[in-house]
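Below is one structure, written out as structure tokens; comments come after it.
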Amino acid sequence: MGSVQYYAPQSLEEAVPLLKEAREIPSRILAGGTDLLVQMRAGVRTPERLIDIKKIPETTGFEIGVDEIRLGAAVPSAVIDESPELHQQLPGVVEGMELIGSTQVQGRATPGGNLCNSSPAGDGVPAMISAGGQCVIFGANGSRTIPVEEVCTAPGLTSLAEDEFIQEFRFPAPKPGQADAYLRFTPRNEMDIAVVGVAANITLDASGTCIAAKIVLGAIAP
Numbered sequence: 001m002g003s004v005q006y007y008a009p010q011s012l013e014e015a016v017p018l019l020k021e022a023r024e025i026p027s028r029i030l031a032g033g034t035d036l037l038v039q040m041r042a043g044v045r046t047p048e049r050l051i052d053i054k055k056i057p058e059t060t061g062f063e064i065g066v067d068e069i070r071l072g073a074a075v076p077s078a079v080i081d082e083s084p085e086l087h088q089q090l091p092g093v094v095e096g097m098e099l100i101g102s103t104q105v106q107g108r109a110t111p112g113g114n115l116c117n118s119s120p121a122g123d124g125v126p127a128m129i130s131a132g133g134q135c136v137i138f139g140a141n142g143s144r145t146i147p148v149e150e151v152c153t154a155p156g157l158t159s160l161a162e163d164e165f166i167q168e169f170r171f172p173a174p175k176p177g178q179a180d181a182y183l184r185f186t187p188r189n190e191m192d193i194a195v196v197g198v199a200a201n202i203t204l205d206a207s208g209t210c211i212a213a214k215i216v217l218g219a220i221a222p
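If you're matching positions, the sequence shown starts at 1 in our numbering and goes up one per residue.
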């Protein structure tokens, strides 16, 4: 791995000139780096610049609202797992994120990185889709919002432009009788890549009858 320039903007405004330059200078967004740095060491990714977004406040916090849950794209998995509120509101998302890597990796891995790595076996992605997640994407020309399922276009590829990154995720607050979950099958019990993962988001009425369901599968595409 050759020399790389490292930048850590402190705000969205500070990131704009770096994003504009990313149109000409090969750059990668650094959220947690648990996949990106491995890929760089292997020569799969060869950026000249890394733009670390972890010091941007909008990417590193979360907020539980009455109608909406906001989750920063660079919130570490360990922080997500330690939140009783997120366990209650987004159990499937928490279950997916807490399966990513070892304890050490959990301290770095992020939902934004898990999605933008665009691995078919990404454990955090199916539950974010089944929970109705939306991505707020920040770029040099402003912000836009798209569903989580529109980010990944192929293994290792996304629909984001070179001058964009995911700022945060937004999920509708669960309704009464609504809950979600994520499970995966792996050859080993721990520290393995999913052979198949499944996220379910189900709503029951007062009688216990299912009135809405969304099932999302992961790691099954060719």
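Glycine included, C-beta positions come from ideal geometry on N, C-alpha and C.
What do you get for residue 171, buried or exposed, if any count of 16 or more other CB atoms within 10 angstroms of its CB means buried? Residue 171 should be labelled buried.
Do you know offhand how far residue 182's Cα is from residue 129's? Cα to Cα, the separation comes out at about 11 Å.
Nonlocal neighbours in the same chain, by C-beta distance under 8 Å from residue 198, ignoring five residues either side: Cβ within range, chain order: 126, 182, 183, 184, 215, 216, 217, 218.
Touch test, the region 150-170 against the region 59-70, Cβ-Cβ under 8 Å, three pairs minimum: When C-beta atoms of the region 150-170 are compared with those of the region 59-70, three or more pairs fall below 8 Å, so the two segments count as touching.
Buried or exposed for residue 34, please, with buried defined as at least 16 other CB atoms from any protein chain shown within 10 angstroms of its CB. So residue 34 ends up on the buried side.
Just reading off the alpha helix (DSSP H) that residue 17 is part of, what are its end residues? Per DSSP, the unbroken alpha helix (DSSP H) holding residue 17 starts and ends at 12-21.
State the DSSP-derived secondary structure class of residue 115, mapped to helix, strand or coil. Look at residue 115 here: in three-state DSSP terms it is helix.
Spatial neighbours of residue 10 in its chain, beta-carbon cut-off 6 Å, leaving aside the 5 residues before and after: Exclusion of the five residues before and after residue 10 leaves 55 as the residues of its chain whose Cβ lies within less than 6 Å of its Cβ.
Segments assigned beta strand (DSSP E), at least 3 residues, entirely inside the region 162-204: Scanning the region 162-204 from its first residue to its last, the whole beta strand (DSSP E) runs of 3-plus residues come out as 164-172, 178-185, 196-204.
Helix, strand or coil, according to DSSP, for residue 147 in the structure here? Strand.
Residues bridged to residue 82 (per DSSP): Within the DSSP secondary-structure output, residue 82 pairs in no beta bridge.
Considering only their Cβ atoms, is the gap separating residue 162 from residue 23 smaller than 7 Å? Against a cut-off of 7 Å, the Cβ pair of residue 162 and residue 23 comes out as a contact.
By a C-beta neighbour count over all protein chains shown, 10 Å radius and 16 as the cutoff for buried, is residue 30 buried or exposed? So residue 30 counts as buried.
Here's a check: name, in chain order, each residue in its chain whose Cβ is nearer than 6 Å to the Cβ of residue 95, leaving out the five neighbours to either side. Cβ neighbours of residue 95 beyond the five flanking positions: 182.
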